[in-house]
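Protein chains in written order, with my numbering: chain A, 867 to 1174; chain B, -18 to 246.
Before any comments, here is the structure.
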Amino acid sequence: MSAKSASTVTAFPVKSSAPAAPVVAAPVVAAPVVALEIKPVRRFKLDAAVAATARNILPPLVVICCLLAVWQVAFSEPGASLPPPSVVWTESRDLIVNPFYDFGSADIGLGWRVLTSLERVAYGFGLAAIAGVIVGAIIGQSVWAMRGLDPLFQVLRTVPPLAWLPLSLAAFRDANPSAIFVIFITSIWPIIINTAVGVRNIPQDYRNVAQVLRLNPLEFFFKIMVPSAAPYIFTGLRIGVGLSWLAIVAAEMLTGGVGIGFFIWDAWNSSRLSDIIVALAYIGITGFILDKLVAAIGRIVTRGTSAA
Amino acid sequence: MPAYLKLDRLDKSFTRGTTTTEVLSGINLIIDEGEFVSIIGHSGCGKSTLLNLIAGLTQVTSGVVLLEDKEVNAPGPDRAVVFQNHSLLPWLTVYENVNLAVAKVFASTKTKAERHDWVMRNLDLVQMAHAADKRPSEISGGMKQRVGIARALAMEPKVLLLDEPFGALDALTRAHLQDAVMDIHARLANTMIMITHDVDEAVLLSDRIVMMTNGPAARIGEVLDVPLARPRKRIELASDRTYLKCREAVLKFLYERHRFVEAAE
Ligand SMILES: Nc1ncnc2c1ncn2[C@@H]1O[C@H](COP(=O)(O)OP(=O)(O)O)[C@@H](O)[C@H]1O
Ligand SMILES: [Mg+2]
Chain A
867 MSAKSASTVT AFPVKSSAPA APVVAAPVVA APVVALEIKP VRRFKLDAAV
917 AATARNILPP LVVICCLLAV WQVAFSEPGA SLPPPSVVWT ESRDLIVNPF
967 YDFGSADIGL GWRVLTSLER VAYGFGLAAI AGVIVGAIIG QSVWAMRGLD
1017 PLFQVLRTVP PLAWLPLSLA AFRDANPSAI FVIFITSIWP IIINTAVGVR
1067 NIPQDYRNVA QVLRLNPLEF FFKIMVPSAA PYIFTGLRIG VGLSWLAIVA
1117 AEMLTGGVGI GFFIWDAWNS SRLSDIIVAL AYIGITGFIL DKLVAAIGRI
1167 VTRGTSAA
Chain B
-18 MPAYLKLDRL DKSFTRGTTT TEVLSGINLI IDEGEFVSII GHSGCGKSTL
32 LNLIAGLTQV TSGVVLLEDK EVNAPGPDRA VVFQNHSLLP WLTVYENVNL
82 AVAKVFASTK TKAERHDWVM RNLDLVQMAH AADKRPSEIS GGMKQRVGIA
132 RALAMEPKVL LLDEPFGALD ALTRAHLQDA VMDIHARLAN TMIMITHDVD
182 EAVLLSDRIV MMTNGPAARI GEVLDVPLAR PRKRIELASD RTYLKCREAV
232 LKFLYERHRF VEAAE
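Put into structure tokens, the structure is as follows:
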């Protein structure tokens, strides 16, 4: 997702859905508020749900099966450079069927490794989220800060995660904080930039309301700024969490430890190609879930704002 | 007796880059406590600017706004504004929108229970208590405007400022809301300043109508007294001679002496 989404960082996020747009002349002739009738036929709804699920799940399932079949055929002859699915299955069965086994220090399930990596992401991304929203809010309030800092951020956000690692290691002299810092520094830019754009787009009306009420800066931040900019903030968070996950895997390859990234590096060094393929699947699925999770939280939180 | 609200030689100009446009020039007006004053004028003449000066949302270029002899130079809840497009916060319910104002203004003077009662009382006043838990997106435009009025009233302002509050509403809803505002004014006797571009609305609601000339550098062209007894009933007034005379005076001002010319710059 990163390449595509990252390019939307500068452009106004699509999700804005213009909270500013005034509701103009809704033809409202004493509109009575009538609760919508609940359809008596519940089974109909259930069928629809099943149909919708089938529509969403079946096509990717079919595609995956086809790809597996092609892969199996293409790499079946002896001496092929990559193991076919059947070999992956036989060689890395424990990794696939049991994510959470624990056979002693170095031999643990990939679920544990993913969790270790996620813990680092939680620290790095959590810090980036808090710092990014605060910095973005301050920058968005000031036209000159925006003009001055935006080009800098645009440059910094293109620096690949791994390029930060040497500096980070030099500064922290320890693998774990370095990895967390790399996540932080990779994911903070889209959060700052999107928050700033969101804050700049707070409708003047909301600012006027705050002024008439004499809200202090802290009240303004929590009661007006964050909710109003929430759609933008979550666009930034979603891009940020994707970048975090990209960064952690890369960083762990170099810093070692228990994470999923190091597992891949280790497997490569001992030529366990099947294990690498399984780990890739774990990483992809985890990244997918992270993305959907942030998107879902965003949908719940911004329900009010985007329905304006 | 000193004036309740006094606008003294107000000038306002906006500077954008090197060009300065004078929007208002030499505005003098004295408004008494409890008075209902309408400001009418063609679009773009500076009505909103004038209201924002009174609200303190915009700074005067020269001159002074005095409320009870104190200079107004910042916005505050003693001059609550009802904005044209309601500007309710969409992520808050109707109740929360009003409560935002009440919690801030009465933070130290009312207990929690009293604040709750006060929110509900103001929602009652505009007949919106039934929708307290709805979000702005779930209610009609007229209802939103009612909530906007409730929020402003809940601040117990000295002056209620309304900027074309019904401009975006259809005629029927507008009539309902005009009646609601008249009713509130009769009950609370608060000072209200309303901007409008609707002649009937101005005559129906106001004690005085302030008519503005066209910009740039708009002035107060004329101030018309509306000597109609209250309570006013729109149907009876439709054939009332005083009403018709006032209406004609405003129309003459707007469409004969200060006809709106599309900017030919
Ligand atoms: N912030 C501003 N900067 C520059 N010009 C402004 C600003 N606000 C209003 N104006 C100008 O002032 C004039 C009067 O505007 P306004 O008070 O909104 O008119 P009205 O409410 O009577 O339609 C307009 O010509 C508008 O372009
Ligand atoms: Mg206006």
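Built from N, CA and C at the ideal position, the CB exists for glycine as well.
In three-state terms, what does DSSP make of residue i?
i	result
B:A199	strand
B:I190	strand
B:D114	coil
A:D973	coil
B:L70	coil
A:L1035	helix
B:S121	coil
B:M175	strand
A:R1066	helix
B:G15	coil
B:E52	strand
A:G1014	helix
A:S868	Low local confidence applies: a pLDDT of 41 at A:S868 is under 50, so the model's placement there is unreliable, with the coordinate-based value given in what follows. The answer is helix: DSSP assigns A:S868 an H, G or I state.
A:D968	strand
B:D206	strand
B:V4	strand
A:L948	coil
B:L38	coil
Need the endpoints of the alpha helix (DSSP H) that residue i sits in, please.
i	result
A:L1084	1083 to 1086
B:E95	93 to 106
B:A167	152 to 169
A:L1159	1139 to 1167
B:R60	Segment 60 to 63 is the beta strand (DSSP E) holding B:R60; no alpha helix (DSSP H) there.
A:V963	959 to 963
A:A1096	1092 to 1121
A:G1127	1126 to 1135
B:Y224	222 to 233
Take residue i and list the residues in its own chain whose beta-carbon comes closer than 6 Å to its own, dropping the five residues that flank it on each side.
i	result
A:L1035	S1044
B:T154	G123
B:N195	H23, C26, H239
A:V890	In this prediction, A:V890 has a pLDDT of 41, which is less than 50 and means its spatial position is unreliable; nothing more can be read from the coordinates.
Should residue i be listed as close to ligand 2, given that the test is whether its C-beta is under 7 Å from any heavy atom?
i	result
A:D1016	no
B:E145	yes
B:K28	yes
To which residues of the same chain is residue i closer than 8 Å at the C-beta, ignoring the five residues directly before and after it?
i	result
B:G57	G37
B:G129	V63, F64, H67, S68, L69, P146
A:I1142	I1130, A1133, W1134
A:D960	Y967, G975
B:E52	V45, V46
Using only the alpha-carbon positions, how far apart do residue i and residue j sit?
i	j	result
A:V1167	A:I1054	20 Å
A:A935	A:L927	12 Å
B:N33	B:V79	21 Å
A:G1125	A:F991	16 Å
A:I1155	A:P1083	36 Å
A:R1023	A:I1099	16 Å
B:G44	B:A133	27 Å
A:A1161	A:L1109	14 Å
A:R1138	A:T1061	43 Å
B:A199	B:R222	31 Å
A:P951	A:G945	15 Å
B:A61	B:L142	6 Å
A:V1144	A:I962	7 Å
For residue i, which residues of its own chain have a beta-carbon under 7 Å away from its beta-carbon, when the five flanking residues on both sides are left out?
i	result
B:R116	P71, T74
B:V100	Y76, V79, N80, V83, A135
A:A1041	T1121, G1122, G1123
B:S(-6)	T1, T2, E3, V4, T42
A:F1046	The residue asked about is misnamed: residue 1046 of chain A is Ile in this sequence, not Phe. Answer for A:I1046: R986, Y989, G990, listed in chain order.
B:G7	R(-10), D(-8), R200
B:A131	V79, N103, L104, L106, V107, M109
Got a sec: does ligand 1 put a non-hydrogen atom nearer than 7 Å to the Cβ of residue i?
i	result
B:I234	With the sequence shown as reference, residue 234 of chain B is identified as Phe, and Ile is not the correct amino acid for it. Result no, Cβ not under 7 Å from ligand 1.
B:T2	yes
B:F(-5)	yes
A:S1008	no
B:S19	no
B:G7	no
B:S24	yes
Mind checking which residues open and close the beta strand (DSSP E) that includes residue i?
i	result
B:L(-14)	-14 to -3
B:S43	43 to 48
B:D144	140 to 144
For residue i, go through chain D and note every residue whose CB falls closer than 8 Å to its CB, in chain order.
i	result
B:P56	This model lacks chain D altogether, as its protein chains are A and B.
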